[in-house]
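A.B. asks: So the sequence shown is residues 496 to 796, counted in the numbering used here.
Pasting in a structure now, in structure tokens, and then I'll have a few things to ask.
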Amino acid sequence: MSIMDFEGVYSATFTPLTDTGEPDLDMQARLVDFHASNGLAGLYLCGSTGEGPMLSNDARKLLTRNAVDVAGDRLKIIAHVGHTCTDDAVELAEAAEADGAHAVSSVHPIYYSYNDEREHRHYKAIADAVSVPMIIYAHPIMTGKEMSAEHLLRLFEVENILGVKYTGMDFYSMRNISDQIPKDHIILSGSDERMVQGLVFGTSGAIGTTENLLPGPFSEMYTRFQNDDIRWVMDMQQQINALIRFLLTKGGLTYFKAAMRYVGFDCGPAKLPFKQLTEQEYTDFAREMEQFDALFARSKA
């Protein structure tokens with residue numbers, strides 16, 4: 496596949512969970528349909544938003560298989576296979592390819608301190624194990640390690656490594672990467688609140704959390720940017736950023752998943768040790784969410 500096959504906006508999809516912490520496949524199917532009907536390019540499964548590092552390998556495989564089956568040819572499926580253990584990441588990648596995922600992705604292995612050479616071995620082992628494209632997940636906010644353009648350029652020499660999802664706030668680094676990567680490789684922004692800036696700096700799309708809540712507006716932003724309707728795009732980015740600020744101030748993933756319940760997709764609570772909301776806390780939160788109803792209404796139900 497070429498970079499054109501992966502351009503556009505993807506949701507870093509939430510993992511719906513039952514009260515016992517098992518994947519809720521029926522709710523996942525509803526999410527797949529919701530995102531497909533609102534023009535997203537695809538789904539990014541079991542990443543940070545999808546609580547992938549907190550799920551078992553079996554659960555991650557099941558979620559990928561179900562998403563592929565439900566999506567059909569409507570959405571591209573990128574399976575995040577990142578793991579503390581390279582062998583497990585390879586196992587997840589092989590399973591994702593066998594189940595029909597269009598690409599795999601991985602953060603660098605965490606916990607131990609890894610230099611560029613060790614990271615290179617990790618990524619190469621995954622890429623060599625599959626024939627579908629691989630997208631590097633550079634997430635310095637979570638991992639505490641910035642990925643240099645030089646390191647990425649070396650990784651891009653590995654067959655099957657197609658590009659990078661860059662979830663960082665340093666757009667100087669992003670521009671350096673954009674200026675130097677081969678034209679047959681892709682950069683996708685992972686910072687929802689800076690999607691427009693990412694497009695200006697050379698990304699080919701975005702993968703993010705808030706796309707779960709607002710697939711319609713994000714899809715329209717991407718289309719209008721391609722048509723140079725910059726004023727509309729900037730205004731929409733500001734409206735979206737107001738929602739993001741509100742949710743981050745509340746407390747991150749716990750409240751993002753509560754917001755999904757508010758818009759009609761109850762994905763269950765975030766896994767421990769994230770905060771578990773009481774019903775009264777949710778009721779109070781839902782009342783505050785009403786200020787964003789006009790924004791939510793821009794997505795097809």
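Don't be surprised by glycine CBs; every beta carbon is placed ideally from N, CA and C.
So, using beta-carbon positions, are T581 and I605 closer together than 8 Å?
C.D. replies: No, they are not a contact pair.
A.B. asks: If Y618 sits next to L650, beta carbons under 8 Å apart, how far is it from one beta carbon to the other, in whole angstroms?
C.D. replies: 6 Å between Cβ atoms; contact.
A.B. asks: When you compare each of R555, H597 and A590 to D568 by their alpha carbons, which one comes out closest?
C.D. replies: Checking every option, the nearest Cα to that of D568 belongs to H597.
A.B. asks: I need the boundaries of the alpha helix (DSSP H) containing V695, first residue and last residue.
C.D. replies: Here the alpha helix (DSSP H) through V695 covers M690 to V695.
A.B. asks: Between which residues of its own chain and A714 is the CB-CB distance below 7 Å, once the five residues before and five after are set aside?
C.D. replies: A small correction: the amino acid at residue 714 is Ser; Ala does not occupy that position in the sequence shown. Hits under 7 Å: V504, N533, G534 and L535.
A.B. asks: State whether the segment 697 to 704 contacts the segment 551 to 565, with contact taken as three or more CB pairs (one from each stretch) at a distance under 8 Å.
C.D. replies: As far as the Cβ criterion goes, the segment 697 to 704 does not touch the segment 551 to 565, which means the pair count is below three.
A.B. asks: Quick check: M669 and F696, are their CB atoms within less than 8 Å of each other?
C.D. replies: Yes, the pair counts as a contact, with Cβ atoms nearer than the cut-off.
A.B. asks: What's the C-alpha gap between L647 and S794?
C.D. replies: The straight-line gap from Cα to Cα measures roughly 36 Å.
A.B. asks: Give the DSSP bridge partners of G700, in chain order.
C.D. replies: G700 pairs with G503.
A.B. asks: I'd like the span of the beta strand (DSSP E) that includes K571, first residue to last.
C.D. replies: Run containing K571: K571 to H575, per the beta strand (DSSP E) assignment.
A.B. asks: Leaving aside the five residues before and after I739 along the sequence, list all residues of the same chain whose C-beta is less than 8 Å from its C-beta, in chain order.
C.D. replies: Hits under 8 Å: D687, E688 and T705.
A.B. asks: Work out the CA separation of Y661 and M549 for me, nearest whole Å.
C.D. replies: The alpha-carbon atoms of M549 and Y661 are separated by roughly 21 Å.
A.B. asks: Taking DSSP as the reference, what is the three-state secondary structure of S684?
C.D. replies: Strand at S684.
A.B. asks: Would you report the Cα separation of I631 and N655, rounded to the nearest angstrom?
C.D. replies: Distance between the alpha carbons of I631 and N655: 11 Å.
A.B. asks: Select from L694, G685 and H603 the residue whose C-alpha is nearest the C-alpha of D723.
C.D. replies: Looking at the Cα atoms, L694 is the closest of the given residues.
A.B. asks: Using the Cα positions of H530 and D521, report the straight-line distance between them to the nearest angstrom.
C.D. replies: Each residue's alpha carbon lies about 15 Å from the other.
A.B. asks: Buried or exposed for N610, please, with buried defined as at least 16 other CB atoms from any protein chain shown within 10 angstroms of its CB.
C.D. replies: So N610 counts as exposed.
A.B. asks: Relative to the alpha-carbon of G577, which residue among T559, A593, V599 and K571 has its alpha-carbon at the smallest distance?
C.D. replies: Comparing Cα-Cα distances from G577 to each of T559, A593, V599 and K571, the minimum goes to V599.
A.B. asks: Going by other Cβ atoms of all chains shown within 10 Å of its Cβ, with 16 needed for buried, is A789 buried or exposed?
C.D. replies: A789 comes out exposed.
A.B. asks: Which class does A633 belong to by DSSP, given the choice of helix, strand or coil?
C.D. replies: Of the three classes helix, strand and coil, the one that applies to A633 here is strand, per DSSP.
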